[in-house]
Every structure is written in C-alpha cells, then in structure tokens.
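Chemist:
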Amino acid sequence: MNIQTRAAEMASSLAGRVGQGTHSLDERLLMCSDGVEVLQVKFHPGSVRDNHILLLTSDNTLRLYQIEDEVINLGVFPVGDKPMAKVPCSRITFLGALGEIAVDFDFGHPEINHNSKNDMKHKKEESSFKSLVKIHDPLNESNTIIGIHRPEKERKKNEKIRERENYSNFNWPVYILSGDFIITTINIPLYENAGSCIVSSPLPALPCSLLQCDKRACSIICLNSTPQVICIGSTNGEILQGVVVPIEEDEIEEDANSKRISLPDTSKPDREIYFFEAVDIELGLATTLPQQEEGYTCPIFLHKDESRCDRFFATHSAGIHTITVGCMEDLQNFGISENNNSRDIFSISSTPEYLVCTKTTTTKTCNPVIGFSVCYNPNSLIALLANGSLISLALITTTILPKLENLTLKTDETTTSPIKEMLKVPFEHFIRNLLKKAESQPIMKLSSHDEHSLKECHELIQKTAQVFKEKLKYQTIVMDEIEKRSKALQVCSDYQLEELENMHREKCLLQENAEALAEKYEDIREKQEMLLKRSAKVLVLLSLKKEDLSDAEKEYLIKLKKVREKLDKSESIIDKLIIKKNYQETQMRSWKNQQQKKSNIISDKHKDTIKENLMASSTRINDMVEQIKLMKDQLLLK
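Each residue of the sequence shown is one higher than the last, beginning at 1 in UniProt numbering.
(1) Based on the DSSP output, what are the partners of Y274 in its beta bridges?
(2) Mapping the DSSP letters down to three states, classify A383 as helix, strand or coil.
(3) Does the distance from the C-beta atom of Q241 to that of G108 stay below 7 Å?
(4) Within 10 angstroms of the Cβ of L407, are there 16 or more other Cβ atoms? Answer buried if so, exposed if not.
(5) Count the other C-beta atoms from every protein chain shown that fall within 10 angstroms of the C-beta of A318, then say buried if there are 16 or more, exposed otherwise.
(6) Classify Q228 as helix, strand or coil using the three-state DSSP reduction.
(7) Ordered along the chain, which non-local residues of its own chain (more than five positions away) have a Cβ less than 8 Å from that of Y376?
(8) Measuring only the C-alpha atoms, how far is I558 from K566?
(9) Would you mind reading off the limits of the alpha helix (DSSP H) that contains I628?
(10) Among S234, I232, T226, which one has its Cα closest to the Cα of V245?
(11) With DSSP as the reference, please indicate the residues paired to I391 in a beta bridge.
(12) Does the beta-carbon of H606 have 16 or more other beta-carbons within 10 angstroms, so that it is buried, or is it exposed?
(13) Out of S603, Q634, D604, L577, which one is the CA nearest neighbour of R620?
(14) Looking only at its own chain, which residues have a Cβ that is under 8 Å from the Cβ of V625, when we skip the five neighbours before and after it?
(15) Identify every run of the beta strand (DSSP E) within the segment 38-92, keeping only runs that are complete inside it and at least 3 residues long; order them along the chain.
(16) What are the complete alpha helix (DSSP H) segments, minimum 4 residues, inside the segment 326-383?
(17) Any contact between the segment 99-106 and the segment 45-63? By contact I mean 3 or more CB pairs, one from each, below 8 Å.
(18) Please go through the same chain and pick out, in chain order, the residues whose beta-carbon is closer than 7 Å to the beta-carbon of S47, but skip the five residues on each side of it.
(19) Which residue's Cα is closest to the Cα of L64: G237, D270, L25?
(20) May I ask which residues mark the beginning and end of the beta strand (DSSP E) holding A102?
(21) Is there a Cβ of chain B sitting closer than 7 Å to that of I67, yes or no?
(22) Going straight from the alpha carbon of L635 to that of K561, what length do you get?
(23) On the premise that P173 lies in contact with T184, defined as a C-beta separation below 8 Å, what is that separation, rounded to the nearest angstrom?
(24) Ignore the nearest five residues each way along the sequence and tell me which others in I443's own chain have a CB closer than 8 Å to its CB.
(25) Just verifying my parser: in three-state terms, what is the DSSP assignment at C222?
(26) Just the Cα atoms here: how many angstroms apart are E111 and I232?
(27) Give the DSSP-derived three-state secondary structure of N582 in the structure shown.
(28) Is it right to say F181 is buried, meaning 16 or more other beta carbons lie within 10 angstroms of its own, or is it exposed?
(29) By how many angstroms is the C-alpha of I336 removed from the C-alpha of C298?
(30) Under the rule that 16 or more other beta-carbon atoms within 10 Å means buried, what is T315, buried or exposed?
(31) Out of T322, I320, H321, S350, which one is the CA nearest neighbour of M328?
(32) Quick check: the Cα distance between L509 and A516, rounded to an integer number of angstroms?
(33) Suppose the cutoff is 7 Å on Cβ atoms and the five residues either side in sequence are ignored; what does the same chain contact list for E68 look like?
(34) Who are the near neighbours of V243 in its chain, counting only those whose CB is closer than 8 Å to its CB and skipping five residues on each side?
(35) Hey, how far is the Cα of L211 from the Cα of N187?
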C-alpha cells in the first residue's frame, strides 16, 4: 500500500514545483495474506508533523505507522476477535457474515490526558540525570560533575520531544464501528507507551429500535460539532445520526450491578449515543418503469465537510448525496446555554440532496464513485467515477445573518414594532426553507455500457421537467415573497422618512420654545432678586418698629452689657493708675527738692534708670488711654 506523505506535499508547494513521496506500509503482510484487506486509512489529527497514519484491516486490527525517512510500525491494536474460518466457497468469514468485524473508524474530539503530566516530569528528571557524569581528578583528589556533549541526533530527538509535550496532554478517542452497529472506543497515544491500550465495552445506543438486525453498517464519521455528533451509514441507504452523551459514574455502577457484570475500570464505557434521526437516501433515480432489482443495497461512504459542521457527503455506487443536519444550530445552542429549555431541539429534520446520479432503479449496471475529495478556498468537491470521468462541483457556503436581538437595543416588552415582527426570522432562512421544499435534480452520469430504452429516456426527461416545474413554482413563490418584502420595506422606509421629518420639525419647535423659556427665566430671576432686596429692607424696618426684641437682638444686647462692664472695670483701673501716677509725681518732686537740699549728688546711672522707668510707665498709661478712647468710639459712648 503506497501512501503519499503530507510533508512531501508541503515541501513541493513551498518549492513551487510538483513533488511526490510514497511509502509502502506492510507490503509483505498485505501481499502475502489473502484474508487481510485494508478497510480504512486516516492521518492521526494529533500528529505534530502529520506523519502518523492509522490503518484498519479486515482482521479486526488497527495499525499505527510513523512516516519520516522510513516507515515505522508503532503498534498493532486488536479491536476484536480475529476472523479465522471462512464461509465455504466464499472469501467472507463467519465473523464478517455476522457483522462482528470492524468496518470503519473515525477520530472524535480531543480529551485531556491527566496522566501525561506526571510522565513528562519523570522523563525530564531521567534525562537530566543521564546528561551528568561524575569524574575523579587524581591531582586534586576531588570529584567533579560535568555534562555530556550530546550528539546531533540526540539533540534533534529532544527538540522533537519538546514539540510533542503539548500534544501528549490530549487523547484522541477512536470510534470503531462494526458491521452490526456496535461502536467501541480506544485511546492510542502517539508519543507514549501504547502497549496498555484497551478497547472499551460497546457504547450504549438509544433507541434500540433504529438498530435492526437486517441492516449492515459500513461507515462512520464524527462531525466537528459540540456536542459530538456521529453519523453512521448502512448498506440499505439509511444514515443514522446520533449525539454522544457522557455517562456519570453512578449510572455506570448501577448498570453493572443490575447486569451483575464486573468490568475493569479501563473498559467501562463513559459515554453513550442517542440516535435522534434516521435519514433515507435514494440509491438510484426512481422512475415509473418496472424495476430490475428489488431491494438494491450498496455500501455508503461518509465524508466530512470541514467548512461546515452541519453538512457531510455520502458516496455510493448510485452517486453522491449531500446531507444537511437541520438541528445542528439548536443542538449547539442547547449545549452552550446554561438554561436547559424543555423544547424539542430535534424538531428540524435533516435534508438530503442528490448531487450526482450514476444509476437508475431500472438499470443493472452502475457507474460507482471510486474517488471523492472536498477542496476549500473556494469550496468545491471533486469526484472520480468508474468510467474515468472527473466531476467538479462548486459548493455554496451559506452565511447565516446575525439575529435581530444582537443588533437592536433592548426595549420594553409592551412596545411592539412591525419591522421587528417582520424581521424576527432572518429573510435568508425564510427563502431557504421555501427552496428546500423543491426536489433537486441530480447530475446524470450513467454508465455508457448499459443501453437505455426510449421509454426510459422519455421518463427521465419527463421527471426532470416535472422537477424543474416544481422548482420554477417555488422560484415564483420566492420572487413574490421578495417583492412583498421589498414593498413592505419601501413602505417602512417612507414611513420612517416621514417620521424623521416630523421629528426634525418638532426639534426646531422645541429649540425655539427652549430659547423663549430661557429669556423668560432670566427676566423672572432678575425680578426675584429685586423682590428679595425689597423684602429684606421691609424686614429691617419692621424690626425697628417692633417693641419686643428678637432673639438675635437680645443676644446682641447681652454682649453689649458685657462689653460695658469690661469698659467700666478698665476705666476704674485707669483712674487708679492716674491717681498713682499723680502721687508718684508729687513724691518725685518732693524727693527732688530734698535731694537738692542734700549735699550729696545722685549719680548719672541712677538718673538714667529712673528716667527709663518713668518713660515706660508713661507709655503704658498713654497706650491704655488710647485703647479706652477707641472702645468708646466703637460703642458710640461719650
């Protein structure tokens, strides 16, 4: 088996030239073993450099390979019993006939690996001890520790380990589908020891009525949605859609006790699948002519659309279908919202659309699809048919308009607007729902080896014309709705323009009224100030004519009496000082006379001292007299 590496594609794209690198995976096993066939091959999404490939073979085994310079088999993981005996005269094994062989797998959302952090710390400690060596120095008789110079290969290996540290913290669960609709999971680590990988017990599937014994599963995909949505294709043209729901530990223990089964912790299922819808697709374009084959069955292969989480593709021997999951938006909103609403989130059904038809119900031969891929930017699908023709179809990427409540301001609940009621549902959704009612006519790519009668061709043309008539009918309905919406919006816009003109007039009137009111306010304020002054004067005159004194006047009189008492005291003190001064002057005159009569004379120093004392006392007396005069002037006393 040859695999083209993604690294070679990237290198060739960077170099601006076309290049290709191929590797053979277990060439000896696949060529020498008759009973081993490749059922599915996928790149591991947790690979750092996109060089890990997971392979599912018909012997109920998963094989993990790493592709760099050479192919390295990292592990072989059995997912069930190995088929041994075959049905006589057939290549089908008994397990395959019973549907107990894994037919497909897909990777789910990454989950946090809680055990990887401790393992990484332990590896770091071991690597740090290995890089240090103790050496004995005979001259100094001492031991020194030096680091080992690592070779280039080991350094590159350590760089790769550092790159993988972040990826090793996640587990990528692998959902494995068996032919009898049994789904199991297994966690295969890329950068750790993968010897202890254990397949879980079958995941509980509800309701059981959808999983009938006459059906055979053939493919499984995990859509890029939250919560995880799983789609399973069966050979009779039915596609089951289910959501993965986690199981609490209490429920697991109760289930094990009720069934009296003791399961190891690693094999207990921690999730269950609730199938909410079964979509039937048409395996061949139906006509009114008698069918050549009753109950036509063929394997259906499912493919994801990475640009949209609510759409996937189904390829089979009769052509290509695209399926749109109608409840995906409600399901994601339900998972994000905190309030668990009781409304039915699975009310909107899925819509299949027949894109390419390679077989009719009246023909025996078919032109199956042998290759399919989805390209992006721009989105388109490419399909290779068995007759060598290549089909390329452009995919419409619908953009959902934002909801109205995210664009408008919140208003009262009582207020209702006709525009808000009209735009409550986006017009794009309304038109899309109308167009979904019309059947789609697939592109006809029938086999050239089968001869078609004129009646059959006429039937196909009539059916195509009828489909186009139905489409034209719905197109006219859509045109009428668009015209109605445009007229309604035109009326609303005219009404809003009139309202804007009225608001402009009201604004001018309000501005004029505001200016007039401002002038009146200024006049009234001036008059009010004048009246306040006149009222103050009137109050003063009334207080003068009033016989009874007010409280403020009484307090003022008490203060005046106290001041009068202080002045009387100060006057008495001043009188005493004046008397004392006069007495001292008389004493001084008498003393001077006596001193003159005496023969001895006073010294100059004594004279200066006496003069200074007298001058100081006279200045104090003068200051006190001036203070008394000032107080009398203030109190209007004579």
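Virtual Cβ for every residue (Gly too), placed ideally from N, Cα, C.
Modeler: This is what the structure gives:
(1) Its beta-bridge partners are L206, V243.
(2) If DSSP states are grouped into helix, strand and coil, A383 belongs with the strands.
(3) No. Outside cutoff.
(4) Reliability of the predicted coordinates at L407 is poor, the pLDDT of 41 falling under 50, and the value obtained from them is presented with this limitation in mind. Its Cβ having fewer than 16 others within 10 Å, L407 is exposed.
(5) Per the 10 Å Cβ criterion, buried.
(6) If DSSP states are grouped into helix, strand and coil, Q228 belongs with coil.
(7) So the qualifying residues of the chain are E306, S307.
(8) When rounded, the distance between both Cα atoms is 13 Å.
(9) Note, I628: alpha helix (DSSP H), 604-635.
(10) A check of alpha carbon separations from V245 across S234, I232, T226 identifies T226 as the nearest.
(11) According to DSSP, I391 bridges with A383.
(12) So H606 ends up on the exposed side.
(13) Nearest option by C-alpha distance: L577.
(14) Beyond the five residues adjoining it in sequence on each side, V625 comes within less than 8 Å, by CB distance, of I574 in the same chain, given in chain order.
(15) Runs found: 38-43, 52-57, 61-67, 71-78.
(16) Qualifying alpha helix (DSSP H) stretches, in chain order: 328-336.
(17) Cβ pair count under 8 Å is three or more, so yes.
(18) Correct list, in chain order: L190.
(19) Ranked by Cα distance from L64, the options G237, D270, L25 are led by L25.
(20) Segment 102-107, the beta strand (DSSP E) holding A102.
(21) This model lacks chain B altogether; it includes just one protein chain.
(22) Roughly 11 Å separates the two Cα atoms.
(23) Contact flag wrong, Cβ pair sits at about 10 Å.
(24) Counting only Cβ-Cβ distances below 8 Å, and skipping sequence neighbours, we find L355, V356, C357, I391, L393.
(25) DSSP places C222 in strand when its eight states are reduced to three.
(26) Roughly 22 Å separates the two Cα atoms.
(27) If DSSP states are grouped into helix, strand and coil, N582 belongs with the helices.
(28) F181 is buried by the Cβ-count criterion.
(29) Rounded to the nearest angstrom, the two C-alpha atoms are 38 Å apart.
(30) Here T315 is buried. Its C-beta has 16 or more other C-beta atoms within 10 Å.
(31) It is S350.
(32) Each residue's Cα considered, the two are about 11 Å apart.
(33) Non-local beta-carbon contacts of E68 in its own chain, meaning distances under 7 Å to residues more than five positions away in sequence, involve N51 in chain order.
(34) Apart from sequence neighbours up to five positions away, the residues of its chain that approach V243 with a beta-carbon distance below 8 Å are P227, Q228, V229, I230, I273, Y274, F276, L331, ordered along the chain.
(35) Their Cα atoms are separated by approximately 26 Å.
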